[in-house]
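Below: one structure, written as structure tokens.
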Amino acid sequence: MRIQVFAVLKTFFKKEFELKARINTIAELRTHLRVVNPDAAAVLELCRFAVQDEFVTDQYILTGNEHIVVIPPSSGG
Amino acid sequence: MRIQVFAVLKTFFKKEFELKARINTIAELRTHLRVVNPDAAAVLELCRFAVQDEFVTDQYILTGNEHIVVIPPSSGG
Amino acid sequence: MSISLSFHQAAEVNMDFITKKEIDLVALLQKSHCPSAGAVVLFSGEVRNHNIGKSVRYLEYEAHTNMATKMIAEILLAARNRWSLSIAFAQHRIGKVKVTESAVVVITASVHRGEAYASNRYIIDRIKHEVPIWKCEHFADGTKEWGGNCNCAKDTGDVNKHLYEFESV
Amino acid sequence: MSISLSFHQAAEVNMDFITKKEIDLVALLQKSHCPSAGAVVLFSGEVRNHNIGKSVRYLEYEAHTNMATKMIAEILLAARNRWSLSIAFAQHRIGKVKVTESAVVVITASVHRGEAYASNRYIIDRIKHEVPIWKCEHFADGTKEWGGNCNCAKDTGDVNKHLYEFESV
Numbered sequence: 000m001r002i003q004v005f006a007v008l009k010t011f012f013k014k015e016f017e018l019k020a021r022i023n024t025i026a027e028l029r030t031h032l033r034v035v036n037p038d039a040a041a042v043l044e045l046c047r048f049a050v051q052d053e054f055v056t057d058q059y060i061l062t063g064n065e066h067i068v069v070i071p072p073s074s075g076g
Numbered sequence: 000m001r002i003q004v005f006a007v008l009k010t011f012f013k014k015e016f017e018l019k020a021r022i023n024t025i026a027e028l029r030t031h032l033r034v035v036n037p038d039a040a041a042v043l044e045l046c047r048f049a050v051q052d053e054f055v056t057d058q059y060i061l062t063g064n065e066h067i068v069v070i071p072p073s074s075g076g
Numbered sequence: 000m001s002i003s004l005s006f007h008q009a010a011e012v013n014m015d016f017i018t019k020k021e022i023d024l025v026a027l028l029q030k031s032h033c034p035s036a037g038a039v040v041l042f043s044g045e046v047r048n049h050n051i052g053k054s055v056r057y058l059e060y061e062a063h064t065n066m067a068t069k070m071i072a073e074i075l076l077a078a079r080n081r082w083s084l085s086i087a088f089a090q091h092r093i094g095k096v097k098v099t100e101s102a103v104v105v106i107t108a109s110v111h112r113g114e115a116y117a118s119n120r121y122i123i124d125r126i127k128h129e130v131p132i133w134k135c136e137h138f139a140d141g142t143k144e145w146g147g148n149c150n151c152a153k154d155t156g157d158v159n160k161h162l163y164e165f166e167s168v
Numbered sequence: 000m001s002i003s004l005s006f007h008q009a010a011e012v013n014m015d016f017i018t019k020k021e022i023d024l025v026a027l028l029q030k031s032h033c034p035s036a037g038a039v040v041l042f043s044g045e046v047r048n049h050n051i052g053k054s055v056r057y058l059e060y061e062a063h064t065n066m067a068t069k070m071i072a073e074i075l076l077a078a079r080n081r082w083s084l085s086i087a088f089a090q091h092r093i094g095k096v097k098v099t100e101s102a103v104v105v106i107t108a109s110v111h112r113g114e115a116y117a118s119n120r121y122i123i124d125r126i127k128h129e130v131p132i133w134k135c136e137h138f139a140d141g142t143k144e145w146g147g148n149c150n151c152a153k154d155t156g157d158v159n160k161h162l163y164e165f166e167s168v
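Protein chains in written order, with numbering that gives the first Met the number 0: chain A, 0 to 76; chain B, 0 to 76; chain C, 0 to 168; chain D, 0 to 168.
Given below as structure tokens:
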């Protein structure tokens, strides 16, 4: 699966990267990213996730071919 | 005293006129104007009065030399 | 009549609170950016082509210019103090105003947006209820009618006591 | 990415909800007069020279442009339907934005003023809380900091549940 991150997350991860690990749900992905980079734990808790540009819940099931966007809390305006 | 009226009151009175009658308070002036032109009674009830461009109450005492403005309900905006 | 208000740069452009000229929304907006303000709200009250089911040709506004100018200055100052505004400005047009033209503009600027919205609403509500300005509607059928929009006295029993929308939001 | 919205004449001018260019407040305002609308409200969110006690040099905004564009379109449509608006438009800038420049504009127009204010507030609040747009503050001391303004999840326990200011006014 392809992971794309934005804003403050670029401090902790590459802007876009491929993930080969076996990850079955968004909840597992959130945990995986936290384990990979514990410094990002706090912000990851507040992130929303989108698959194919649509928001998904923690229960969303991943097949491994998705383009997943990790979205930190909005701070526009 | 000199009386100046605005807006809808111009339908009932001259825009500006001199009043010679003995009138001691704003309350009396309101009554006087209503008697002179009963058609204006309803709107006169809702009017504010100003002497020398400052709002005054019904109890305000007139000497006879004032410039009095009769102000219908606002409808700006 | 002009009053110098240092808290709006429009002071140098056109500071008549009551004007016979077309309101220059663009010039006023262009002057309303301030390094310390994060929020600017502009309200424009414009002439609609209809009212209470009748087709409107144009409106005609009349004001007691001297009193209206003093009162608008007081209202702007009250708003500025209450919400610590960077900018507080209002201008009302008199004479004939055509459909889609602006009859009144209010501009506020503040650090955060809540204050800019709230103060803007406060200023326009007080202008509409208190300031001696009147509207005469000229309808398409040739009739005309003077407005008496402020009906607060019917509820408050006092022509000097008003019920403001800004208090209910 | 552009979306045609027939309810704003700006459709023909510049309809990008997310733009790298300077926001043209004047052009947008000039297009926002409508014969059936009596009230126009324009909100401009501008870059301040200070934040939480620090001097700000400029801001840098980033967006997920595709998602942000779709979400702003949805928010405008929701506002338009809820308040029967004549005009509902918003534009957010990305990239470097200097002090006093506009980072976001919202324009609403309706028959009466209450709806224009309320819907304007609704649109900006939803954009700030929900739409994937982020701000990085660049301070005068050379440091920078990514904003995370939406803290609602701390109170709601759900990153998709927000507490909106427009609901509390």
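Note that beta-carbon positions come from the ideal geometry of N, C-alpha and C, so glycine has one too.
Please read all numbers here as calculations on a predicted model, not as lab measurements.
- Item | Contacting positions in the stretch 30 to 43 of chain A - beta carbon closer than 9 Å to chain D | V42
- Task: My understanding is that V39 (chain C) touches H32 (chain C), with C-beta atoms under 8 Å, so please give their C-beta distance in whole angstroms.
- Result: Reading the third sequence from its first residue, position 40 is the one you call residue 39 (chain C). Reading the third sequence from its first residue, position 33 is the one you call residue 32 (chain C). The pair is a contact, with the Cβ atoms about 7 Å apart (cut-off 8 Å).
- One or two residues paired with H91 (chain C) in a DSSP bridge: Stepping through the third sequence from its first residue, residue 91 (chain C) is reached at position 92. DSSP lists C:I17 and C:V103 as partners of H91 (chain C).
- Nearest chain D C-beta to I123 (chain C) closer than 8 Å, yes or no? Taking the first residue of the third sequence as 1, we reach residue 123 (chain C) at position 124. So, interface residue.
- Message: Rounded to the nearest angstrom, what separates I70 (chain B) and D124 (chain D) at their Cα positions?
- Response: Within the second sequence, the letter at position 71 stands for residue 70 (chain B). Within the fourth sequence, the letter at position 125 stands for residue 124 (chain D). Roughly 41 Å separates the two Cα atoms.
- Assuming W133 (chain D) contacts Y57 (chain D) under a Cβ cut-off of 8 Å, what Cβ separation, rounded to an integer in Å, is found between them? Position 134 of the fourth sequence holds residue 133 (chain D). Position 58 of the fourth sequence holds residue 57 (chain D). Going by Cβ atoms, the distance from W133 (chain D) to Y57 (chain D) rounds to 15 Å, so no, they are not a contact pair.
- Query: Of all the options C:A26, C:S54 and C:I126, which has the alpha carbon lying nearest to the alpha carbon of E73 (chain C)?
  - Reply: Position 74 of the third sequence, counted from the first residue, corresponds to residue 73 (chain C). Of the listed residues, the one whose Cα sits closest to E73 (chain C) is C:I126.
- Let me know the secondary structure DSSP gives H49 (chain D) once reduced to three states. On the fourth sequence, residue 49 (chain D) is found 50 positions in, with the first residue counted as 1. In the structure shown, H49 (chain D) sits in a strand (DSSP, three-state: E or B).
- Item | Cβ-based neighbour list, V105 (chain C), same chain, cut-off 6 Å, excluding 5 preceding and 5 following | Here residue 105 (chain C) refers to the residue found at position 106 when the third sequence is read from its first residue. Cβ within range, chain order: F42, A89, N119, I122 and I123.
- Query: How big is the Cα-Cα spacing for S101 (chain C) and V130 (chain C)?
  - Reply: Residue numbering aside, residue 101 (chain C) sits at position 102 when the third sequence is read from its first letter. Residue numbering aside, residue 130 (chain C) sits at position 131 when the third sequence is read from its first letter. Each residue's Cα considered, the two are about 18 Å apart.
- Query: What did DSSP end up calling Q3 (chain B) once you bin it into helix, strand or coil?
  - Reply: Counted from its first residue, the second sequence places residue 3 (chain B) at position 4. Here Q3 (chain B) sits in strand by DSSP.
- Task: Drop a sphere of 10 angstroms on the beta-carbon of E65 (chain A), count the other beta-carbons inside from all chains shown, and report buried for 16 or more, exposed for fewer.
- Result: In the first sequence, counting from the first residue as 1, residue 65 (chain A) sits at position 66. E65 (chain A) is buried by the Cβ-count criterion.
- Inspect the beta-carbon positions of H91 (chain C) and H128 (chain C) and report whether they are closer than 8 Å. Position 92 of the third sequence, counted from the first residue, corresponds to residue 91 (chain C). Position 129 of the third sequence, counted from the first residue, corresponds to residue 128 (chain C). Contact flag unset, no.
- Query: In chain order, what residues of the same chain have a beta carbon less than 6 Å from the beta carbon of L18 (chain A), not counting five sequence neighbours either side?
  - Reply: Here residue 18 (chain A) corresponds to residue number 19 of the first sequence, with the count starting at 1. Only M0 and I2 meet the Cβ criterion.
- Could you name the residues that DSSP lists as bridge partners for E15 (chain A)? What you label residue 15 (chain A) is simply residue 16 of the first sequence in a count that begins at 1. Beta-bridge pairing links E15 (chain A) to A:Q3.
- What whole-angstrom Cβ distance do K14 (chain B) and V4 (chain B) have, given they're in contact under 8 Å? The residue given as residue 14 (chain B) occupies position 15 in the second sequence. The residue given as residue 4 (chain B) occupies position 5 in the second sequence. At roughly 6 Å, the Cβ-Cβ gap stays under 8 Å, so K14 (chain B) and V4 (chain B) are in contact.
- Task: Find out if the Cβ-Cβ distance for the pair S74 (chain B), G94 (chain C) is shorter than 8 Å.
- Result: The residue given as residue 74 (chain B) occupies position 75 in the second sequence. The residue given as residue 94 (chain C) occupies position 95 in the third sequence. Cβ distance not < 8 Å, so S74 (chain B) and G94 (chain C) don't count as in contact.
- Query: For Y116 (chain D), which residues in chain C fall below 7 Å Cβ to Cβ?
  - Reply: If you number the fourth sequence from 1, residue 116 (chain D) lands on position 117. Under the 7 Å cutoff, chain C gives Y116 and R120.
- Quick one: residues in its chain with C-beta nearer than 7 Å to the C-beta of I17 (chain D), no 5 flanking neighbours on either side, listed in chain order? For the purposes of this step, residue 17 (chain D) is identified with residue 18 of the fourth sequence, where counting begins at 1. So the list reads A62, T64, A67, T68, H91 and I93, once near-sequence residues are dropped.
- Message: My assumption, with CB atoms under 8 Å, is that T107 (chain D) sits in contact with L76 (chain D). Please give the rounded CB distance.
- Response: As a position in the fourth sequence, residue 107 (chain D) is number 108, starting the count at 1. As a position in the fourth sequence, residue 76 (chain D) is number 77, starting the count at 1. About 13 Å; that fails the 8 Å criterion.
- Query: Helix or strand or just coil, what does DSSP make of S118 (chain C)?
  - Reply: Start at 1 with the first residue of the third sequence, and residue 118 (chain C) comes out as number 119. Helix.
- Message: Using a 10 Å radius around the Cβ and a threshold of 16 neighbouring Cβ atoms, would you call K153 (chain C) buried or exposed?
- Response: By 1-based counting over the third sequence, the position of residue 153 (chain C) is 154. Burial call: exposed.
- Query: Grouping DSSP H, G and I as helix and E and B as strand, with all else coil, what is V42 (chain A)?
  - Reply: Counted from its first residue, the first sequence places residue 42 (chain A) at position 43. Looking at V42 (chain A) - three-state DSSP - the assignment turns out to be helix.
- Query: Near T155 (chain C), which residues of its chain fall below 8 Å by C-beta distance, leaving aside the five closest residues on each side in sequence?
  - Reply: Position 156 of the third sequence, counting from 1, holds the residue named residue 155 (chain C). Answer for T155 (chain C): H161 and L162, listed in chain order.
- Look at the Cβ atom of V158 (chain C), then the Cβ atom of L45 (chain B), and state whether they are nearer than 8 Å. Numbered from its first residue, the third sequence carries residue 158 (chain C) at position 159. Numbered from its first residue, the second sequence carries residue 45 (chain B) at position 46. Closer than 8 Å, so yes.
- Mind checking F48 (chain A): buried by the 16 CB within 10 Å criterion, or exposed? One-based indexing of the first sequence puts residue 48 (chain A) at position 49. The residue in question, F48 (chain A), is buried, as its Cβ has 16 or more Cβ neighbours within 10 Å.
- Have a look at A10 (chain D) and A87 (chain D) and give me their C-alpha separation to the nearest angstrom. Within the fourth sequence, the letter at position 11 stands for residue 10 (chain D). Within the fourth sequence, the letter at position 88 stands for residue 87 (chain D). Reliability fails at A10 (chain D), whose pLDDT of 47 lies under 50, so the model's placement of it is uncertain and the value that follows must be treated cautiously. If I take the Cα positions, the gap works out to 11 Å.
- Message: Quick check on DSSP: helix, strand or coil for E65 (chain B)?
- Response: Within the second sequence, numbered from 1, the residue matching residue 65 (chain B) stands at position 66. In the structure shown, E65 (chain B) sits in coil (DSSP, three-state: anything other than H, G, I, E or B).
- Message: Residues of the stretch 20 to 54 of chain D in Cβ contact with chain C at a cutoff of 9 Å, in chain order, please.
- Response: L24, V25, L28, Q29, S31, H32, C33, P34, S35, A36, G37, A38, V39, V40, L41, F42, S43, G44, E45, V46, R47, N48, H49 and N50
- Item | Backbone CA spacing between L27 (chain D) and E45 (chain D) [nearest angstrom] | Numbered from 1 along the fourth sequence, position 28 holds the residue referred to as residue 27 (chain D). Numbered from 1 along the fourth sequence, position 46 holds the residue referred to as residue 45 (chain D). Answer to the nearest angstrom: the Cα atoms are 16 Å apart.
- Any C-beta of chain D under 8 Å from that of R47 (chain A): To locate residue 47 (chain A), count along the first sequence from 1; it is residue 48. So yes, R47 (chain A) belongs to the interface.
- Message: Looking at chain B, is there any beta carbon in it that lies within less than 8 Å of the beta carbon of A102 (chain C)?
- Response: The count along the third sequence starts at 1 and reaches residue 102 (chain C) at position 103. Yes, A102 (chain C) counts as interfacial toward chain B.
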